[in-house]
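Residue numbers (UniProt numbering): 1 to 505.
Backbone N, C-alpha and C define an ideal beta-carbon position, used for all residues, glycine too.
Encoded structure:
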């Protein structure tokens, strides 16, 4: 139990150390590291060494990949490099620093009481726990070395390096690479055969990558996780063949093997990049995220059920249009660039879902008559609104491509207009998805107020032109065109809301 307790303190101390150092480091180097795969490798090594947490950094890379901000190659390379950097944390197990554990715990605690020094205190307290855990593991290993039963277990494990490797792989899922390496070091000092201890280290390194498979949310994340595991398995196999030739002081050999394994994985990956990516794409093909979720050919035999499913799919179209509108709003209000890939994907998804709903509703027209036609109209209106949102984004991009920008007043007015249309779109699509007639009526009745508001914005722009405002003169066509597009968009919102009572009749 003392061995397990020491391991728990080591792992928790490693976590606290990583949190504290992470707060001190910040995110300043991320943009630099994302510029190229080689920079990603250097950034991963640096952050891994500084934070002592390769798994946390790998999860961060997975998040960037799933958000489509980085490539698969960059994410795998960064994760492997972060693991190599974090492996250096085992140096604390090699150095005899157990006497520093309690002073560091005390110093870390008192520093953490002051908000200004909280990250330093967190890191110091974590380092103290880490050293205390290593000290306890060393003492426990020395005591267990005298127990005949424990020695028998070690002898059995030492007889099968491959079995120990598999055990290390499983432990890597729970303890991560540094935890398994620290455990292997304690067991080796207690009498375990050095080759078996090194096999445990190698298995833990590969198993820590498998942990990422359970954390992945989508196919992109699973590709990255599988890529990390495959590279580490391949490099681990090469290291297993070298085990008979590894000799020397236990602490030094375990530490060197742990670091060399992870560093070799990071350095070998560029040689495997292209074939590995092709393999991952074939094993984990892209999910068709534009396909309908609810439309079922079998349900057409029950018109009421099929109509309900089609209505749910129309709700999905509304969600995509609302997301596109949100991108456009942030583009104008905050100057936040909209990813061309995201916009194109959403537009393609709206087009496909609309096409499928139209065909599905057409098949229902014979049995449901005008009710199915109204649903078809609602889907078509939403698709037209998506085209208008894409037009808004192109208008802004074209203007900025000419080196022009709206006046502060003009940008504020356009932002307010878009925010109002967005709120009305949200209300209309919610009413369509839920059948809330009161909400739909509110949208319909407030259309005259929205018309008057847009008219006031046109007049305000003309007043700025009369006053000779240079920015207003340079952007006048784009400004008025955007107001016209927003008016068209709001008319579509009004028409969708007007269809709600008929869709749910």
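Is residue i helix, strand or coil by DSSP?
i, result
"residue 262", "helix"
"residue 296", "coil"
"residue 178", "helix"
"residue 211", "helix"
"residue 257", "helix"
"residue 184", "helix"
"residue 115", "helix"
"residue 387", "helix"
"residue 54", "helix"
"residue 284", "coil"
"residue 404", "coil"
"residue 216", "coil"
"residue 160", "coil"
"residue 192", "coil"
"residue 25", "Note that residue 25 scores 48 on pLDDT, short of 50, meaning its location in the model is unreliable; the coordinates nonetheless yield the value given after this. In the structure shown, residue 25 sits in a helix (DSSP, three-state: H, G or I)."
"residue 369", "coil"
"residue 354", "helix"
"residue 166", "helix"
"residue 592", "Only positions 1 to 505 of the chain appear in the structure, and residue 592 is not among them; the question remains open."
Which two residues bound the contiguous alpha helix (DSSP H) that contains residue i?
i, result
"residue 78", "72 to 87"
"residue 319", "303 to 333"
"residue 491", "476 to 503"
"residue 417", "408 to 434"
"residue 448", "447 to 466"
"residue 232", "219 to 242"
"residue 247", "Unbroken run through residue 247: none, as it is neither H nor E."
Give the single residue among the options whose Cα lies nearest to the Cα of residue i.
i, options, result
"residue 88", "298, 261, 362 and 385", "261"
"residue 105", "115, 120 and 91", "120"
"residue 209", "56, 197 and 500", "56"
"residue 388", "344, 411 and 488", "488"
"residue 197", "223, 168 and 331", "168"
"residue 175", "192, 161 and 200", "200"
"residue 122", "160, 343, 457 and 108", "108"
"residue 64", "454, 252 and 218", "218"
"residue 86", "111, 449, 43 and 194", "43"
"residue 357", "439, 285 and 297", "297"
"residue 180", "231, 206 and 334", "206"
"residue 351", "360, 380, 367 and 362", "380"
"residue 335", "412, 271 and 266", "412"
"residue 194", "166, 160 and 457", "160"
"residue 74", "272, 390 and 456", "272"
"residue 447", "495, 315 and 360", "495"
"residue 435", "314, 415 and 451", "314"
"residue 270", "76, 465, 187 and 466", "76"
"residue 234", "250, 125 and 264", "264"
Please work out which residues of its chain come closer than 8 angstroms, Cβ to Cβ, to residue i, disregarding the five sequence neighbours upstream and downstream, and give them in chain order.
i, result
"residue 422", "322, 325, 326 and 329"
"residue 59", "212 and 215"
"residue 475", "399, 404, 405, 406, 407 and 410"
"residue 72", "65, 220, 223, 224, 227, 277 and 280"
"residue 303", "364, 367 and 368"
"residue 419", "329 and 333"
"residue 114", "121"
"residue 247", "194 and 253"
Between which residues of its own chain and residue i is the CB-CB distance below 7 angstroms, once the five residues before and five after are set aside?
i, result
"residue 373", "365"
"residue 348", "290"
"residue 103", "none"
"residue 392", "328, 482 and 485"
"residue 497", "428, 431, 440, 443 and 444"
"residue 505", "371"
"residue 377", "499"
"residue 318", "382, 429, 432 and 433"
"residue 202", "165, 168, 236, 239, 240 and 261"
"residue 312", "294"
"residue 478", "395 and 399"
Assuming the contact rule is C-beta atoms closer than 8 angstroms, residue i and residue j should be a hit. Round their C-beta distance to whole Å, please.
i, j, result
"residue 346", "residue 320", "5 angstroms"
"residue 493", "residue 432", "That belief does not hold up - the Cβ atoms of residue 493 and residue 432 are roughly 10 angstroms apart, past 8 angstroms."
"residue 375", "residue 310", "6 angstroms"
"residue 83", "residue 184", "In fact, because the Cβ distance is near 16 angstroms, the residues do not count as touching under 8 angstroms."
"residue 229", "residue 268", "The Cβ separation is near 14 angstroms, so there is no contact."
"residue 424", "residue 490", "6 angstroms"
"residue 81", "residue 266", "4 angstroms"
Here's a check: name, in chain order, each residue in its chain whose Cβ is nearer than 6 angstroms to the Cβ of residue i, leaving out the five neighbours to either side.
i, result
"residue 28", "Residue placement at residue 28 is flagged as unreliable, the pLDDT there being 47, under the threshold of 50; the coordinate-derived value follows with that caveat. So no residue of the chain qualifies."
"residue 439", "427 and 431"
"residue 78", "40, 44 and 61"
Does chain D have any CB closer than 8 angstroms to the CB of residue i?
i, result
"residue 358", "Among the chains of the structure shown, chain D does not appear; only one protein chain is present."
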